[in-house]
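**Student:**
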Amino acid sequence: MTTVAVTGKGGTGKTLVSALLIHFISKKSNKVLAVDADPDSNLADALGVEVEKTLGEIRELFQTSRDEMGTMNKEQWLEGKIYEAICECKGYDLLVMGRPEGEGCYCFANSLLRGVLKKLTRHYEYVVIDSEAGLEHFSRKTIDSADYVLIVTDMSKKGLATAKRIKELTKELKLNFKDMMLIANRIANEAAEQRIKKFADEEGIKLLEILPYDEKVVELDLKGIPIVNLDEKSGVYRRMSKVAEVFLKG
Amino acid sequence: MVERKKIEIPAGAKVKVSVGAEEKFPFDISPMYEGERIRKEDMFVELGGPKQVKFELVLALPAEQVEDMKVTLVGPDLDEMQEGKEYPYAMIYYIAGSKVETDLEPVIERRNHDFQNYIEGYMHLNQRYDVWVRIGKGAIKKGLKSLIQIAKATMMLYKNELPFIEKIEALYITDKALVEKLLKEVAMPIYEERDKRVEMLHDEDVQEFYSCTLCQSFAPTNVCVVSPDRPSLCGAISWFDGRAAAKVDPEGPNRAIPKGEVLDPIGGEYSGVNEFAKQESGGEYERIKLHSFFEFPHTSCGCFEVIGFYMPEVDGIGWVHRGYASPAPNGLTFSTMAGQTGGGKQVVGFLGIGINYFRSKKFIQADGGWYRVVWMPKELKERVSKYIPDDIRDKIATEENAKTLDELKEFLKKVDHPVVKGVVRKVDGKKITEGWPEEKKAEEKVEEKKEVPATPAAAQPAPAMAMPMQPTQMPAFQLPAMPMPAPQAAPAGIKLVIKDAKITIGKIVVKKSKGES
Numbered sequence: 011m012t013t014v015a016v017t018g019k020g021g022t023g024k025t026l027v028s029a030l031l032i033h034f035i036s037k038k039s040n041k042v043l044a045v046d047a048d049p050d051s052n053l054a055d056a057l058g059v060e061v062e063k064t065l066g067e068i069r070e071l072f073q074t075s076r077d078e079m080g081t082m083n084k085e086q087w088l089e090g091k092i093y094e095a096i097c098e099c100k101g102y103d104l105l106v107m108g109r110p111e112g113e114g115c116y117c118f119a120n121s122l123l124r125g126v127l128k129k130l131t132r133h134y135e136y137v138v139i140d141s142e143a144g145l146e147h148f149s150r151k152t153i154d155s156a157d158y159v160l161i162v163t164d165m166s167k168k169g170l171a172t173a174k175r176i177k178e179l180t181k182e183l184k185l186n187f188k189d190m191m192l193i194a195n196r197i198a199n200e201a202a203e204q205r206i207k208k209f210a211d212e213e214g215i216k217l218l219e220i221l222p223y224d225e226k227v228v229e230l231d232l233k234g235i236p237i238v239n240l241d242e243k244s245g246v247y248r249r250m251s252k253v254a255e256v257f258l259k260g
Numbered sequence: 010m011v012e013r014k015k016i017e018i019p020a021g022a023k024v025k026v027s028v029g030a031e032e033k034f035p036f037d038i039s040p041m042y043e044g045e046r047i048r049k050e051d052m053f054v055e056l057g058g059p060k061q062v063k064f065e066l067v068l069a070l071p072a073e074q075v076e077d078m079k080v081t082l083v084g085p086d087l088d089e090m091q092e093g094k095e096y097p098y099a100m101i102y103y104i105a106g107s108k109v110e111t112d113l114e115p116v117i118e119r120r121n122h123d124f125q126n127y128i129e130g131y132m133h134l135n136q137r138y139d140v141w142v143r144i145g146k147g148a149i150k151k152g153l154k155s156l157i158q159i160a161k162a163t164m165m166l167y168k169n170e171l172p173f174i175e176k177i178e179a180l181y182i183t184d185k186a187l188v189e190k191l192l193k194e195v196a197m198p199i200y201e202e203r204d205k206r207v208e209m210l211h212d213e214d215v216q217e218f219y220s221c222t223l224c225q226s227f228a229p230t231n232v233c234v235v236s237p238d239r240p241s242l243c244g245a246i247s248w249f250d251g252r253a254a255a256k257v258d259p260e261g262p263n264r265a266i267p268k269g270e271v272l273d274p275i276g277g278e279y280s281g282v283n284e285f286a287k288q289e290s291g292g293e294y295e296r297i298k299l300h301s302f303f304e305f306p307h308t309s310c311g312c313f314e315v316i317g318f319y320m321p322e323v324d325g326i327g328w329v330h331r332g333y334a335s336p337a338p339n340g341l342t343f344s345t346m347a348g349q350t351g352g353g354k355q356v357v358g359f360l361g362i363g364i365n366y367f368r369s370k371k372f373i374q375a376d377g378g379w380y381r382v383v384w385m386p387k388e389l390k391e392r393v394s395k396y397i398p399d400d401i402r403d404k405i406a407t408e409e410n411a412k413t414l415d416e417l418k419e420f421l422k423k424v425d426h427p428v429v430k431g432v433v434r435k436v437d438g439k440k441i442t443e444g445w446p447e448e449k450k451a452e453e454k455v456e457e458k459k460e461v462p463a464t465p466a467a468a469q470p471a472p473a474m475a476m477p478m479q480p481t482q483m484p485a486f487q488l489p490a491m492p493m494p495a496p497q498a499a500p501a502g503i504k505l506v507i508k509d510a511k512i513t514i515g516k517i518v519v520k521k522s523k524g525e526s
């Protein structure tokens, strides 16, 4: 199993990178799990699929119905609901984590969730996680670990600052990943390219790919068309296909 | 109890029978296949699941009625099924053995989930009337031909893993009408019977309780003791959950606590629990009484759903749940009280509980149970209303009846709540409180309320405090029924433990010193 966590500041193109990665990897493998772990983004929209239930909703349902479960096994109950919530898309499965928990105690629910997700994810060849910059699911251990952390940033100050912070955070959380890499998005000119290379050098993060500013992406965004429908000749599409190759080789 | 007997197969049904252990299986069997999701695209057929009628059931029978390693399949087998379709599914196991009892049926039934998931290319999810099975195309390619092979593999695992099962027989059904009929007539009544057992099972019926230390990261000295009559404070873990978890991971967060000797049957004190508490709290606590509010109460983690608080002014106990944001009659909110009590402390006067502890027949029974309860928010009261004894239900105030101590006093007097004249605890008929001292005093206080509404008792003129405190002579901590000034916050920083003491007190007045506010 290869787990790739895609993260970065909201709006930098994190979900675009996640969706295209899933798109390319699922062409080569039929055991791909996509995880939307960012309540603010919408990976399902980017992939052009519909999701009926999120893990967060199931957790809430568990909290409200657990007192009426009698002698039923709660772990198996939760497991069944999660498997039902997983969206079976063409070529990959999609699990949406949804909203963070409400008030009250979630120790038990989360402990069960961790167990179920651990058993579930190990059967996939590839797990691609679209994660918010705070890496909350990693800190709570609802998601066990990642082999690769992909940080997406544009040239904005905030994007770069977030990239830096994520690097620190992964250290704090002791995520034992194999590699951390940077993808720069919306790089419009040579000067910007030089600047991002310098940033990567200074921070000691491998710069995996530079995605150009792409009118076609903007167009899809405006029209609300799923990003996986991106023109195959576009620069972003071709470069992301190269990125996917890196992980497909393992 | 629903009678356990073999299921009659209707005459003329399409039946396939096979007896004896299988030599070889066309699939791997290993725990590594647990959690394997068979995707729709890779699926040969779906059995049960969201679209079909289905169930699984284990029945304990006398040995002579069970034919070992026999499988009967009623309805179409895999080779008669169409790829990509869903079918009804029932899996019934008859088991026998000298140690096999009806009580064990649900435990054994749950293992069907584990064992079937060990089978490569076979996905089993859920339980009871929700089972959801998928068989992968890959399994068919590798040579899986019949559900009989699945049943035989499962039975083999049952006998290997649970050696007390001496004989096992399986009945698998894919015939829709028969699955429907048996679900309604046989399986459902048995599931209902099991769930009723949750309420029928008591602390004295079991040998072991279970611990929960899941939240020790927040409350390092907290030890949840989960017994049939006392669920965890967070409300999530019942004795059955504890047992299930302890079976899977005996060294995990839920461990078995041998009960040991009964030290106090009413308070719920057990030598085994005390030992465990001492160990797990790092020596912080030596005794825990499961059903006591005042004496060695259970520790409170911080996750609890409801907090109970003693109000000396009325000599009664109030309860407030996490969702109620306004102050309780004692002037404190849930979060203020929780902050004082949480963190795994044993705080006399406050107690964190799970909402389903209100269902317990032993609910704070040492201190009068429901007859000592004087106040709870309406929302909470409605939620647990059916568990409140009829003769006390209307005497428990909500925020609609009383928001302050004075309003509460008025209400309790009006409805003649047991705390007014003294509470007799139901469990042994012992009168445990004396009732309110003099009616007159209570009335005086009502008048003064207008001036100092928050702490009326504090404003009351009282003789200088003379407390003949002789720590060596007091009976185990019993809060006397007396007008005590309402503290601004929960008792902070002082722990009073008085052991083997006997004190005779005519009157106690506790007065706030003038400097404090």
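Those protein sequence lines, which keep their order, are chains W and Z. According to the numbering used here, the first sequence is numbered sequentially starting from 11. According to the numbering used here, the second sequence is numbered sequentially starting from 10. Quick reminder that beta carbons are idealized off the backbone N, C-alpha and C, glycines included.
Between the C-alpha atoms of SER36 of chain W and THR81 of chain W, what's the straight-line distance to the nearest angstrom?
**Tutor:** If you draw a straight line from the Cα of SER36 of chain W to the Cα of THR81 of chain W, it comes to about 40 Å.
**Student:** Sort out for me which residues DSSP pairs ILE104 of chain Z with in a bridge.
**Tutor:** Z:ALA69, Z:ILE177
**Student:** Anything in chain Z within Cβ reach of TYR93 of chain W, meaning under 7 Å, just list it in chain order.
**Tutor:** ARG46, LEU134
**Student:** Can you confirm whether ARG203 of chain Z, when its beta carbon is compared against all beta carbons of chain W, has any partner nearer than 7 Å?
**Tutor:** yes
**Student:** Under 7 Å, do THR22 of chain W and ASN186 of chain W count as touching if we go by C-beta distance?
**Tutor:** no
**Student:** For ARG150 of chain W, which of W:ILE176, W:LYS208, W:LEU123, W:VAL238 has the nearest alpha-carbon?
**Tutor:** W:LEU123
**Student:** Taking CB distances under 7 Å as the criterion, tell me whether LYS84 of chain W reaches chain Z.
**Tutor:** Yes, LYS84 of chain W counts as interfacial toward chain Z.
**Student:** Using a 10 Å radius around the Cβ and a threshold of 16 neighbouring Cβ atoms, would you call ASN410 of chain Z buried or exposed?
**Tutor:** buried
**Student:** By the three-class DSSP mapping on this structure, what secondary structure does VAL436 of chain Z have?
**Tutor:** Here VAL436 of chain Z sits in coil by DSSP.
**Student:** Can you grab the Cα-Cα spacing for the pair GLN225 of chain Z / GLY352 of chain Z, in whole Å?
**Tutor:** 9 Å
**Student:** Going along chain W in order, which residues have a C-beta closer than 7 Å to the C-beta of GLY147 of chain Z?
**Tutor:** Near GLY147 of chain Z there are no residues of chain W at all, since even the closest Cβ is about 11 Å away, more than 7 Å.
**Student:** Taking Cβ to Cβ, would you say ALA47 of chain W is nearer than 7 Å to ILE32 of chain W?
**Tutor:** no
**Student:** Of all Cβ atoms in chain Z, is any one closer than 7 Å to the Cβ of SER121 of chain W?
**Tutor:** Yes, contact with chain Z.
**Student:** What residues from chain W crowd round ASN121 of chain Z, counting only those whose CB sits closer than 9 Å?
**Tutor:** Going along chain W, no residue has its Cβ under 9 Å from ASN121 of chain Z, so there is no contact; the nearest lies around 10 Å.
**Student:** Taking ARG392 of chain Z as part of the alpha helix (DSSP H), name the residues at either end of that continuous run.
**Tutor:** 387-393
**Student:** In three-state DSSP terms, what is LYS354 of chain Z?
**Tutor:** strand
**Student:** Assuming VAL227 of chain W and LEU217 of chain W are in contact, meaning their beta carbons sit under 8 Å apart, how far apart are those beta carbons, in whole angstroms?
**Tutor:** That pair is no contact at about 20 Å.
**Student:** Would you say ARG76 of chain W lies against chain C (beta-carbon separation less than 7 Å)?
**Tutor:** Of the chains in the structure shown, none is chain C; the protein chains are W and Z.
**Student:** Give the DSSP-derived three-state secondary structure of LYS154 of chain Z in the structure shown.
**Tutor:** coil
**Student:** What in chain Z is Cβ-close to GLY114 of chain W, meaning under 9 Å?
**Tutor:** CYS243, GLY244, CYS312, GLU314, ARG331, GLY332
**Student:** Run through chain Z and tell me which residues come within less than 8 Å of ARG132 of chain W, C-beta to C-beta.
**Tutor:** GLY44
**Student:** Determine the DSSP secondary structure at MET527 of chain Z, reduced to helix, strand or coil.
**Tutor:** Summary: the structure shown does not reach residue 527 of chain Z, with chain Z confined to residues 10 through 526, and so no result is reported for it.
**Student:** How should MET478 of chain Z be labelled, buried or exposed, when 16 other C-beta atoms within 10 angstroms of its C-beta is the threshold for buried?
**Tutor:** Caution applies to MET478 of chain Z, whose pLDDT of 41 falls short of 50 and renders its modelled position unreliable; the value that the coordinates give is listed next. Exposed, by the Cβ-count rule.
**Student:** Given this structure, state the Cα-to-Cα distance separating LEU130 of chain W from ILE47 of chain Z, to the nearest angstrom.
**Tutor:** 11 Å
**Student:** Give the DSSP bridge partners of ASP46 of chain W, in chain order.
**Tutor:** W:VAL106, W:ASP140
**Student:** Taking 7 Å as the threshold (beta carbon to beta carbon), is VAL11 of chain Z in contact with chain W?
**Tutor:** no
**Student:** In whole angstroms, what is the alpha-carbon distance linking LEU488 of chain Z and PHE303 of chain Z?
**Tutor:** Only weak support exists for where LEU488 of chain Z lies, its pLDDT of 43 falling under 50; the value from the coordinates is given anyway. Between LEU488 of chain Z and PHE303 of chain Z, the C-alpha separation is close to 8 Å.
**Student:** Does any CB atom of chain Z fall closer than 7 Å to the CB of GLU98 of chain W?
**Tutor:** yes
**Student:** Quick one: which residues of the region 107-118 of chain Z get their C-beta closer than 7 Å to a C-beta of chain W? List them in chain order.
**Tutor:** PRO115
**Student:** Once DSSP output is grouped into helix, strand and coil, what is the label at GLU189 of chain Z?
**Tutor:** Under the three-state reduction of DSSP output, GLU189 of chain Z falls in the helix class.
**Student:** Taking DSSP as the reference, what is the three-state secondary structure of TYR366 of chain Z?
**Tutor:** helix
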